[in-house]
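J.:
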Amino acid sequence: MQQRKEQLPPGFRGFLVRLGRIDRRWIYLAVAVAIGVPMLAELRLPEVPEKKARATFEAIESIPEGSIVLLSFDYDPASEAELEPMANAMVHHCASKGHRIVFMALWPLGKQMADKTIDSVLKYYHPDKVEGVDYAQLGFKTGNEGVIKLLANSIDGAYTTDAAGTAISEIPLLANVRSVGDFKLVASISAGYPGAQQWVQYADSAMPEAFKLVGGTTGVQSSQLLPYFPTQMEGMLIAVKGAAEYETLVTEKYPVTESPERLGIGRERMGPQLVAHLLIIALIVLGNISMLAARGLKGGAR
Amino acid sequence: MSAPATKPNDTLLWVSLIVFGVVGLSVGKFFRPGPIAEAYVSVTTEVRTLVEEVPAANEAAAKPADGAAAEPVTGSTPPKRIWVDTDDPAIERQLKEGTLKRVPDVAQAVWDVRTPIDNAATAREQMASLENEAEKLSAPTDSTGLTKEEFDQREAARTAALKVVEEKRIVSSPRDSIGIWVGALLTLGILSFLVRDNPFYKVVESILIGVSAAYWMLVAFWSTLVPDLLAKLAPDLVRATMLPGLAQSEDPTQDFLLALIPLGLAIMLLWRLMPKGGWIAVWPLAVVIGTFAGMRLTATIEADFMAQIAAAMEPMAAFTTVPPDEAAIAAAQAAGTAPSPGREFNFGGTLAAILGLIGVVTVLIYFFFSLEHKGVVGKTARVGVWFLMITFGAAFGLTVMGRMTLLIGRFEFLFGDWLNVVK
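Protein chains in written order, with the numbering used here: chain D, 1 to 302; chain B, 303 to 725.
In structure tokens, the structure reads:
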């Protein structure tokens, strides 16, 4: 250790080199401060919706009122922070527009995620909606893309009952729904496999003209899905940024007076997000400067 | 390659962590005083009556009703029984119409429906609002200028509204508070790994893995084994014990015979646990792999190959459709036809199309290894590398955004639900 210290040049260059060798836990602490302080200060930023969020909004707006839409909750609590805001906004949007919603999940905990959104958004802002008539919760079905393949053929091939154990044939909402082609719109809020990509591959490819497909994705997954927009996926919400933009569009057209924060989670999270990103950019720049300063030193960058 | 990190200064780090925590909490509590891990539930008292469906005479003869969820049955299927709120107008109407009837000799049930409230601030707001409403409704109706009939009607409406308000209560929930404490400690346990590996983290990690595995097992049992296998092999037993809403199959014998195939494959798959005959497990694996390979091949060719090629074949010059200008409208009016929309050159779209073409060609050349990457090919491949680097950079940025959001989500829980320093 002593030997390494002796290698460092004196002065500002030495400081820069030492900066590159900082204990990584200081960076963790800096990230915690960068997130914690704006959160405590309740930093809020205006959101300007861009193309993908607008396309998602327009896709839901453009289908006739009363259409049946399928919302697939393909995520679990590990991705809840990213995807819950867009799920909430989408359910409020569909319900406000008068669409009838069928919930399902390709992830085991997706059903619980959908239940949470049903309780906090659908039942809260739209208490007039009746289960079985205005919405149905099919729940989770194991089988990954196999479930989508079955749904493309027939609903009751994949689901014999809904999540509460009611036979599919006894749910009024599904009386005229034979397959996924009978939905006007399918939305997959997805954290990975199986998710939006499988909906493109197994449902949209099988019947490209039958329904509109939109997707909400995590940041990590979005680069995989971007090529599908806008030809195969008509709308796309990318991570919490996409959710914040979409929330803006939805609440501008369908405002709520009571507890509006339930439809503003994405926008709330963009304040700390901005500061954290600035910190990361600063760290990348400093890291590169430090690397350049260490060039030529023994044990340093070359 | 960068040099290894200098020796960590643990004391300074811990002091900083504590200072940050204490300062943050103090500032937060200064602006938002109140207890931590405060949880409330909204409690609504509901009175329910047991009713049963009265099937129409012809339906009762032709189609037996499904077994009632509340009353599993054996033998002949009784009418479906449900607990309902008889004050609900829809239920009241059904009772009058005779499609539902009260089950005799069963007392009414009174229970409290507990709904968790998002956060303590919302709960306090709702409590204040309920108190105000109750206070307002407690005052008797002013009879000035009202006939007796009008007064009685308003008084009845007021009493009914007051009853609804009084039936709804907001109370603190120690059970949910304990849940918040457990969640907070588990979160801190996982985050403690950032300082260094420690026993607290190990315990929390084991809990997470154990709970996840158990949950997966139960989900697989209830969502796959029960409806897709057991329900086909023994539908009556499953209907009576596990899935009361299970629909009658049109051909139970065929279902039974078909279900024997996955049952056989499952047994063969589990055979690998036996001391001998492990090769038997290879056959069901072959079925699984073969099936998925076939499914994925067609899906990938359609969605990721053909459709992507079609999507890449865009016109190089992009135009946007715009509303018809005044001249076009005037010309159309003169001709007695509908004005046709105009077209405007889209610079951004054109640039995107050109960049897309360059990106596709250069990246494809980079991955074309039959030609040595020298000269023109090498330079083109180099451009392809730049496109790849930009793509990876964008993916990295999005990954950072995703990871930060997850951390923000946890911080919201710690600062909001647990410490109660943010709303």
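From the three backbone atoms N, C-alpha and C, an ideal C-beta is built for every residue, glycine too. As the structure is a computational prediction, the values presented were derived from the model and not from experiment.
Is the beta carbon of M270(D) less than 8 Å from the beta carbon of A293(D)?
T.: No, they are not a contact pair.
J.: Would you kindly work out how many angstroms separate the C-alpha atoms of S188(D) and Q197(D), rounded to a whole number?
T.: Approximately 9 Å between the Cα atoms of the pair.
J.: Where F715(B) and L488(B) are concerned, what is the direct C-alpha to C-alpha distance, given to the nearest angstrom?
T.: Their Cα atoms are separated by approximately 12 Å.
J.: Is the number of C-beta pairs between the segment 647-665 of chain B and the segment 674-686 of chain B that are closer than 8 Å three or more?
T.: The segment 647-665 of chain B, when compared against the segment 674-686 of chain B, does touch it at the 8 Å Cβ threshold.
J.: Any residues in the segment 135-150 of chain D with a beta carbon nearer than 8 Å to a beta carbon of chain B? Which ones, in chain order?
T.: The residues in question are G139, F140, K141, T142, G143, E145, G146, K149.
J.: Note down, in chain order, every chain B residue with its Cβ under 9 Å from the Cβ of E82(D).
T.: Going along chain B in sequence order, the residues near E82(D) (Cβ under 9 Å) are M703, G704, T707, L708, G711.
J.: Within the continuous alpha helix (DSSP H) that includes P537(B), where are the two ends?
T.: From DSSP, the alpha helix (DSSP H) with P537(B) extends over 537-543.
J.: Against M86(D), what residues of chain B qualify as contacts under a CB-to-CB distance less than 9 Å, listed in chain order?
T.: Going along chain B, no residue has its Cβ under 9 Å from M86(D), so there is no contact; the nearest lies around 11 Å.
J.: State whether the segment 100-119 of chain D contacts the segment 127-144 of chain D, with contact taken as three or more CB pairs (one from each stretch) at a distance under 8 Å.
T.: At 8 Å Cβ cutoff, the stretches touch.
J.: Going along the chain, which residues of its own chain have a beta-carbon closer than 6 Å to the beta-carbon of D134(D), five neighbours each way excluded?
T.: Taken in chain order, the residues that qualify are R100.
J.: So the candidates are V702(B), T600(B), A614(B); which of them puts its Cα closest to the Cα of I656(B)?
T.: Out of V702(B), T600(B), A614(B), A614(B) has the C-alpha closest to the C-alpha of I656(B).
J.: In chain B, which residues lie with their C-beta within 9 Å of the C-beta of H277(D)?
T.: Residues of chain B passing the Cβ test: G699, V702, M703, M706.
J.: What's the C-alpha gap between F717(B) and D162(D)?
T.: One C-alpha to the other measures close to 37 Å.
J.: Does the separation of the CB atoms of S179(D) and L213(D) fall below 8 Å?
T.: Not in contact: S179(D) and L213(D) (Cβ atoms no closer than 8 Å).
J.: Tell me whether Y254(D) sits in a helix, a strand or coil according to DSSP, three-state version.
T.: Y254(D): coil per DSSP, three-state reduction.
J.: Return helix, strand or coil for P260(D), following the three-state DSSP convention.
T.: Of the three classes helix, strand and coil, the one that applies to P260(D) here is helix, per DSSP.
J.: Is the CB-CB distance between P626(B) and G644(B) below 8 Å?
T.: Contact flag set, yes.
J.: At the level of alpha carbons, what is the spacing between A87(D) and E261(D)?
T.: So the two alpha carbons sit approximately 14 Å from each other.
J.: Can you name the residues of chain D whose CB is closer than 7 Å to the CB of T602(B)?
T.: Within 7 Å Cβ-Cβ: Q201.
J.: Given that A486(B) touches chain E, what residues does it touch there, using C-beta distances under 7 Å?
T.: Within the model displayed, chain E is absent; protein chains D and B are what it includes.
J.: Counting C-beta neighbours from all protein chains within 10 Å, is the total for D74(D) 16 or more, i.e. buried, or is it exposed?
T.: Buried, since its Cβ has 16 or more Cβ neighbours within 10 Å.
J.: Going by beta carbon distance, what residues of the same chain come within less than 7 Å of N153(D), once the five residues before and after it are set aside?
T.: Within the same chain, N153(D) has close Cβ partners S179.
J.: Only counting the same chain, and skipping five residues up and downstream in sequence, which positions put a Cβ closer than 6 Å to that of L249(D)?
T.: If we look at L249(D) and ignore the five residues flanking it on each side, its Cβ neighbours are P49, F57.
J.: If you measure beta-carbon to beta-carbon, which residues of the segment 548-562 of chain B are closer than 8 Å to chain D?
T.: Those residues of the segment 548-562 of chain B that come within reach of chain D (Cβ to Cβ, closer than 8 Å) are L548, A549.
J.: If you check the beta carbons only, do E234(D) and A41(D) fall under 8 Å apart?
T.: Contact: no.
J.: Say whether chain B places a C-beta atom closer than 8 Å to the C-beta of K116(D).
T.: Chain B, which has no Cβ nearer than 8 Å to the Cβ of K116(D), makes this no.
J.: Is DSSP giving L213(D) helix, strand or coil here?
T.: Of the three classes helix, strand and coil, the one that applies to L213(D) here is strand, per DSSP.
J.: If I follow the unbroken alpha helix (DSSP H) through S72(D), where does it start and stop?
T.: That residue, S72(D), is in no alpha helix (DSSP H); its beta strand (DSSP E) goes 68-74.
J.: Kindly identify the DSSP beta-bridge partner or partners of W483(B).
T.: Answer is none; W483(B) lacks a bridge partner.
J.: Do T652(B) and A619(B) count as a contact pair if the criterion is CB distance below 8 Å?
T.: Yes, these two residues count as a Cβ contact at 8 Å.
J.: DSSP on I472(B), reduced to helix/strand/coil?
T.: Note: I472(B) maps to strand in three-state DSSP.
J.: From V325(B) to V723(B), what does the alpha carbon distance come to, in whole angstroms?
T.: Those two C-alpha atoms are separated by around 12 Å.
J.: Rounded to whole angstroms, how far is the Cβ of A34(D) from the Cβ of A276(D), which I believe are closer than 8 Å?
T.: About 5 Å separates the two Cβ atoms, so the contact holds.
J.: Please name the residue, chosen from T313(B), G330(B), K331(B), R404(B), that lies closest to L352(B) on a Cα-to-Cα basis.
T.: Of the listed residues, the one whose Cα sits closest to L352(B) is R404(B).
J.: Between I289(D) and L16(D), which are expected to be in contact by the criterion C-beta below 8 Å, what is the C-beta distance as a whole number of angstroms?
T.: Confirmed, Cβ separation roughly 6 Å.
J.: Contact criterion: CB-CB distance below 8 Å. Does I280(D) meet it with respect to chain B?
T.: For I280(D), the answer is yes, since a Cβ of chain B falls inside 8 Å of its Cβ.
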